[in-house]
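Protein chains in written order, with the working numbering: chain A, 1 to 114; chain B, 1 to 112.
Glycine residues also receive a C-beta, built at the ideal position from the N, C-alpha and C atoms.
Shown next, in structure tokens, is the structure this report addresses.
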């Protein structure tokens, strides 16, 4: 049972390059989210999705795009990387029901933009 | 705008002692309050969670105390162990766990 799988685990980008962070879950969860974790700031929500074809912005969406074509996958795209996007990125998934609201997190992607 | 404030930033407790981490929130629409535990190099993992219809929830050595009128909640770790050394995050959301607002984290070190 893989849970939430993120790839790659580490990445170094040059300023202006683009890349996609991959996230896949095998728990048939309706909800998926992307967070970034920075020292002293906790985790902040970037984008989230309540189902295939439906996405919305979180607290810090600028510079990131998402799409959700399947229930399982929720990739995060950086169109033109900036040093301010150096961070650890976490993908999470959860059920839709109020009674079962635990969010499961992936292992994270550590991104450095130089 | 920090909607969930967490303190202390770091905490050192002796083995067998009680660890206490506090959080305060502003948004009265929040109705789900989880605590996450994170070890270095790993993703956060749910430790325990509470909804505002109860004032306390206990699971093993971990207890959440919730004060709705003060908009505060806290995590108590009884009989703290070295294996509890990790970073702890409080969080809050309205309804489900798809949009969590996190505190800034507390790094706990349990010494022998």
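- The beta carbon of residue 43 of chain A lies closer than 8 Å to those of 35, 36, 37, 90 in the same chain, with the five residues before and after it left out.
- Residues of the segment 77-110 of chain A that bring their beta carbon within less than 7 Å of a beta carbon in chain B comprise 90, 94, 96, 98, 101, 102, 103, 105, 106, 107, 108, in sequence order.
- Between residue 46 of chain B and residue 32 of chain B, the C-beta gap is not smaller than 8 Å, which leaves the two residues out of contact.
- Contact annotation: in the segment 8-35 of chain B, residues whose CB is within less than 8 Å of a CB in chain A are 9, 32, 34.
- Closest in alpha carbon position to residue 84 of chain B, among B/96, B/12, B/56, is B/12.
- Excluding residues up to 5 positions away in sequence, 12, 13, 14, 15, 83 lie with their Cβ nearer than 8 Å to the Cβ of residue 114 of chain A in the same chain.
- Listed by position along chain B, the residues whose Cβ is nearer than 7 Å to that of residue 41 of chain A are 104.
- Contacts between residue 89 of chain B and chain A, judged by CB atoms closer than 8 Å, involve 42, 43 in chain order.
- Closest in alpha carbon position to residue 22 of chain B, among B/38, B/102, B/41, is B/102.
- Proximity of residue 44 of chain B to chain A, defined by a Cβ-Cβ separation below 8 Å, is satisfied.
- Look at residue 84 of chain B here: in three-state DSSP terms it is helix.
- Your pair residue 18 of chain B and residue 77 of chain B checks out as a contact, with CB atoms roughly 7 Å apart and the cut at 8 Å.
- Counting the other Cβ atoms within 10 Å of the Cβ of residue 111 of chain B gives fewer than 16, which makes it exposed.
- Along the length of the segment 43-105 of chain A, whole beta strand (DSSP E) runs at least 3 residues long occupy 54-57, 64-66, 76-78, 87-94, reported in chain order.
- Under a criterion of Cβ atoms nearer than 9 Å, no residue of chain A is adjacent to residue 74 of chain B; the nearest Cβ is some 17 Å distant.
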